Each structure stands twice: as structure tokens, then as C-alpha cells.
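Chemist:
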Ligand SMILES: Cc1cc2nc3c(=O)[nH]c(=O)nc-3n(C[C@H](O)[C@H](O)[C@H](O)COP(=O)(O)OP(=O)(O)OC[C@H]3O[C@@H](n4cnc5c(N)ncnc54)[C@H](O)[C@@H]3O)c2cc1C
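In my numbering, the protein residues as written are 1319 to 1860.
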């Protein structure tokens, strides 16, 4: 065993296994918060395949927060946000239904962002660049081969797939973002419950001059019903790269060898209704339209976490899987960063599973045609965590609330405001800190906020009419803020607490709220505010 990288020598605070969207988003959230993070990925680079093409409104809000929205939109396809049905792609559309995302107009009524249709192989390099620019380390062609945990951290064994060299890395925590067959999940002793399958599919990735030939702007998903080649066409680039996906039957002996380029081209031409198309076949990939859910998102020893498909694999139906992965990665990332910085209690990390597992479960079931009846926008923006109201103890469950409501545990509403002469969304205020928003008569809350900030806590306060101007009079209304009221928003933009009416001691009241939101009992509050070391409250690992 190569000992050049043993415990503590080059150990990051957090090791992330897998550089897919979940791993990159988790690592980026950590790196932006100043945490030393190392990502290991067994492939030589990010995925060369388009896979997911739908980025939801909430995902675009996060990309906006990270300063990446425009770079991602630069790779966006021009598509209609629809699922259409026709006999062949070039034939007339028989029926068009919503893809599951809101229209741009619907999204912009409640958000500064709107959905974007952009392939995963454009998104991942954008996340990677940003991660590196924030000091995140990434080692490609590096595979996790073994993982063990103890009370103080984790030890990972890695293999460089080019040189064959083996090394060990020690970290405080590990995040398994290593996809559906997660080795981290197995090493942590966590099972995955099979939630069902819609069958086996094969994706043919090809280039062809299709957009001009079909004579209309393609839909995000284009189902074709011709019996000999029924399937789905998905535009996956700005320059006529497409995926044609259809069901196949490996259970009946079909293999990838049956899908040679000539057969793929023949099927694409048939399904497109364009016999002379001459598609250039780029790749053929099988995938299972299946769903699973890990039985836990945090290991029993507390040092390991699962995000993305390692935790919850959805089918591509509804464009949910990658978005759920990114939202969960963000949820975990800020919590780990705040615990590692000593601002939050270790117990806050349990709320990752409490908040995100119900969302993961609902979204997987939804992608399998089961799950809640909520519309796509509500599923995306209306998530409501009850454990955001910690008040000294984590409570479970997640439900769907109002899309842009001001309920505790929900996403803090978007409203356009003016700050220092610039128009911003309230969503732009929250990153990297706790935020106190108050009504016009908020001087006592601002003094309380300043007192907590003076103790080293990242917290900032803004009052309507003083720090934030309301162009459309929506802000106080949307946040239901009376003159002397206050709300507390977490760094992930979720509402943790509100106070209405008179208050005897604003500093003590706000300190209690902060301790609740950060998973600390009030007795520990001064320690929280001083950023002191946190003991692990979990039983020690064997
Ligand atoms: C055809 C298709 C279409 C889809 N369309 C959509 C859509 O429109 N919208 C949507 O939201 N979702 C969609 N999805 C789902 C989406 O692609 C996944 O949910 C998403 O990729 C999950 O991201 P992840 O980071 O969790 O996992 P992955 O993207 O699978 O990344 C995991 C990474 O971990 C690496 N890894 C694994 N084991 C190890 C190891 N031992 N050591 C080091 N590295 C390792 C892998 O190489 C991989 O790069 C689609 C999926 C498919 C297949």
C-alpha cells in the first residue's frame, strides 16, 4: 500500500465519491463555503452522454445563486416544454401535453428563474469549472475500492485507474454520489429498496439534420407511435444531436450486439418517418426505467451520506431525477459546511435525511407513475420541511405547501426588491448566511442580528423600506411581514422561523430561533455563536 497519502497528510474535510451532478453540486456547495473537499471519479472526465436534459425552476435558482445560470443557459436547446405524440417524428402532432415543467411565464411569476433544457454533458463541465475555481479538488480516473468509518472520520482506499497506484485518504465525512450501484452505499451497510420498474430501454445517441426536416420547433420529449419503432425522440444539443430511446428486451435474449450502427440508423429513420435521413450514430446506451430508495441517507455512525441516484433513483419520466439530486446535494452541503465550521450542531446533519428522504421517495414514485398529484411547479418549489422548525429537536416529514408562500419550512418566497440601487430577487440574499428579514419597524431585530454577528455567526439582517426597497409592494406582503415582524431564512433559502408582534428581548428570542434552526439546544447557544467545536452526539462507531 502506498503510504504517501495516509491519514491526515492530505486529507480533505469531506471526500465526495462520484463527479456526476449530485457529487459536483455537493462539492461546489461545500467549496463555496470554504470547506476543503476532494472529489474522486472513476471515469477520465465528466459524462460524455447527454442523459438528463431538463433543469427545473429550483435548479435554475440554485445555478443563479452560484453565478452559473447564464453559462448553463448558453447550452440550452430551443424546445417547446411539451411531450408530443405523433406517428412518426416528421408526421403531424396528434396530441401535446405538458412535460411536467411550468411555462416560462408561470415560473417567472414566482421565481427569478425558469426551467431550462440543457444536456447533462453541458451542465457537468460548468459545475466542475466552478468547483475548481472555488478550490475544490477533483481526481479523475480514480476509483473508490474500499471504505471504512470510525468515530472520528472515514478512511477511503482509492485506485488510480491509469497507473494502478493505490492510496488512502482520510476525511471527516464521505458523501456517496456514486450513482445507482453505489459502492459507498454498500460499504456503509445501507440497503436500497426497489420501488419498481417501467422496463428496460436502449438509447441511441445520434446526429442528423432533424430540426430543419421536421419543420417545427421540437418538443422537449417527442413520442412516436409507429408500431415497428415506437419510442421517444429527445433533442440533446443546440446542434442537432438527438437521443432516440425505445424499450428493448434483454430478458428475451436481446443484447447490445443487436444494436449495431446500421440497425440503429434504420430504426431512427423509421421512427422519424424520414427514410433518407442518414443519421450518424454516436453511441448506444442501455438503461433501466427503474426506481429505488436507500433505506437511510446517513450511515448509522454518522460519517457517511448518500446523495443523488445513490440515495434515490427516479426514472427519466417527468425530468425529476437529476433535479432532486442537485437539491439534496445543496441541502446536505450547507449543513456539513456549517457543522464543520462549528456554527451548527452535529444533529443538524440528521435533518438531511429527515428532510430529503420523503422528497426523494415521493419523486421516485412520481417518476414511476405513482406518488402525489401535485403539479410539477409545486413539486419543485413547494417542498416544505417540518424539521426546519427545529425548536430544539428534529421533527420529521416533508410535504408540499404553497409554491411561493411564506410558511415555515418552505422555500422563502421570491420577490423583486431594490438593494443599493440594484434590482435583485429576495432569493439572491440568502446564500452563505442566515438572513433576518424584518418589517419597516425592525430596528430591534437588526440590533439583535448585529449582536449575533459580532459573536462570529454568519448572519445578516435587512428591513423593508430601509435596506430593501419594494418596487411592486410585494415583499412585505409575500413574506407576511407586519411593521415589527421578523423571519429567519436558512442559507439554503428555506424559512426557519417567524415572529409577529411585540418582543421583550429580541436578542434572546433571535438566539433561540437560530439555535433551533442550526440544531442546537438553547443551552448551547453561546457556543454556537462563538463557533466552538461541536461534540458528536451520535453513538460512536464500532
Ligand atoms: C436516458 C436518461 C435520461 C434522463 N433524463 C433526466 C431528465 O430529463 N431530468 C432529470 O432530472 N433526470 C434525468 N435523468 C436522471 C439523471 O441522469 C440522474 O438522476 C443523474 O445523473 C444522477 O446524478 P448522480 O450524480 O447521482 O449520478 P451519476 O450521474 O450516475 O454519477 C455518479 C458518478 O459516480 C461515479 N462512480 C461510481 N462508482 C464510483 C467509484 N467506485 N469510484 C469513483 N467514482 C464512481 C460514476 O462514474 C459517475 O460518474 C435521466 C437519466 C437517463 C439515464
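Positions of the beta carbon are idealized from the N, C-alpha and C atoms, including for glycine. Computed from a prediction, not measured in an experiment: that's the story for all the values here.
#1: Tell me the rounded alpha-carbon separation between residue 1681 and residue 1387.
#2: Under 8 Å Cβ to Cβ from residue 1436, same chain only, skipping five residues before and after it: list those, please.
#3: Which parts of the region 1501-1525 are runs of the alpha helix (DSSP H), unbroken and 4 residues or longer, counting only runs that do not cross its ends?
#4: Kindly indicate which three-state DSSP category residue 1793 falls into: helix, strand or coil?
#5: Who pairs with residue 1408 in a beta bridge, going by DSSP?
#6: Of the choices 1773, 1704 and 1743, whose alpha-carbon is the least far from that of residue 1813?
#7: With 16 as the cutoff for other CB atoms within 10 Å, does residue 1801 come out buried or exposed?
#8: Could you tell me which residues DSSP puts in a beta bridge with residue 1777?
#9: Relative to the C-alpha of residue 1628, which candidate in 1636, 1637, 1618 and 1609 has its C-alpha closest?
#10: With distance defined between alpha-carbon atoms, name the residue in 1636, 1738 and 1726 nearest to residue 1695.
#11: Alpha carbon to alpha carbon, how far is residue 1596 from residue 1583?
#12: For residue 1623, write down the residues that DSSP places opposite it in a beta bridge.
#13: Cβ of residue 1756 within 8 Å of Cβ of residue 1803?
#14: Give a yes or no on whether the C-beta atoms belonging to residue 1753 and residue 1747 are separated by under 8 Å.
#15: Report the rounded CA-to-CA distance for residue 1668 versus residue 1647, giving the unit in angstroms.
#16: Determine the burial state of residue 1333: buried for a count of at least 16 other Cβ atoms within 10 Å of its Cβ, exposed for fewer.
#17: Tell me which same chain residues have a C-beta within less than 6 Å of the C-beta of residue 1510, skipping the five on either side of it?
#18: Considering only residues of the same chain and omitting the five flanking positions on each side of residue 1617, which have a CB-CB separation below 8 Å?
#19: Give a single yes or no on whether residue 1402 has its beta carbon closer than 7 Å to a heavy atom of ligand 1.
#20: So, using beta-carbon positions, are residue 1430 and residue 1732 closer together than 8 Å?
#21: Could you compute how far the alpha carbon of residue 1336 sits from the alpha carbon of residue 1473?
#22: Mark residue 1640 as exposed unless 16 or more other C-beta atoms lie within 10 angstroms of its C-beta, in which case mark it buried.
#23: Is the closest heavy atom of ligand 1 to the C-beta of residue 1369 under 7 Å?
#24: Identify, in the order they occur along the chain, each residue of the same chain with its Cβ nearer than 7 Å to the Cβ of residue 1344, setting aside the five sequence neighbours on each side.
#25: Should residue 1329 and residue 1581 be called a contact, given that it needs their Cβ atoms to be closer than 8 Å?
#26: Find out if the Cβ-Cβ distance for the pair residue 1497, residue 1689 is shorter than 8 Å.
#27: Less than 7 Å between the CB of residue 1640 and some heavy atom of ligand 1, yes or no?
#28: Restricting to Cα atoms, I'd like to know which of 1769, 1341 and 1541 is closest to residue 1454.
Modeler: With the structure as the only source:
#1: In this structure, the CA atom of residue 1681 is about 24 Å from the CA atom of residue 1387.
#2: 1371, 1373, 1390, 1391, 1393, 1394 and 1395
#3: 1501-1505
#4: helix
#5: Its beta-bridge partners do not exist; DSSP assigns none.
#6: 1704
#7: exposed
#8: 1752
#9: 1609
#10: 1636
#11: 7 Å
#12: 1493 and 1616
#13: With contacts defined as CB atoms closer than 8 Å, residue 1756 and residue 1803 qualify as a contacting pair.
#14: yes
#15: 14 Å
#16: buried
#17: 1610 and 1612
#18: 1467, 1506, 1507, 1508 and 1623
#19: no
#20: yes
#21: Their backbone Cα atoms lie some 16 Å apart in a straight line.
#22: buried
#23: Look at residue 1369: its beta carbon is less than 7 Å from one of the heavy atoms in ligand 1.
#24: Closer than 7 Å at the Cβ level, and outside the excluded window around residue 1344, lie 1334, 1493, 1495, 1625, 1647, 1650 and 1651.
#25: No.
#26: no
#27: yes
#28: 1341
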